[in-house]
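Structure record follows, encoded as structure tokens.
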Amino acid sequence: PSAAMASDLTSLLPPHWKEEVTRWLEQDMPKWDVGGYVVGAERTHASLLGKSPGVLAGIPFATFVFTHLECEVEWLRDEGHVISEAE
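Read left to right, the sequence shown gives residues 68 to 154 (my numbering).
Here it is, written out as structure tokens:
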């Protein structure tokens, strides 16, 4: 597969996946979120790290979750990127 083809695998997800994610989040946080109170409203930065070599997968899913929760996300690698020990 080409790099462009590997970078957008959203079509592989079931048609109702966004509704499912929304439902999961609503079930997980049905009421006031004490964690949000503890963390506060300040803008901050986080990094997602891997423990071992592998393939970066799930960007469409994770991006939707972050966006739904009103977080900004910037991916430094594309979907399907092979992660080596050197990274």
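Beta carbons: idealized from backbone N, C-alpha and C, even for Gly. Being a predicted model, the structure only gives us computed values, none of them experimental.
What did DSSP end up calling Val140 once you bin it into helix, strand or coil?
Assignment of Val140 by DSSP, reduced to helix, strand and coil, places it in the coil class.
Within the same chain, show all residues whose beta-carbon is closer than 7 Å to that of Thr89, passing over the 5 residues directly before and after it, in chain order.
His135
Thinking just about the alpha-carbon of each residue, which of Phe133, Leu80 and Val149 is nearest to the one in Ala113?
Phe133
What's the C-alpha gap between Gly125 and Glu146?
CA-CA distance, Gly125 to Glu146, rounds to 7 Å.
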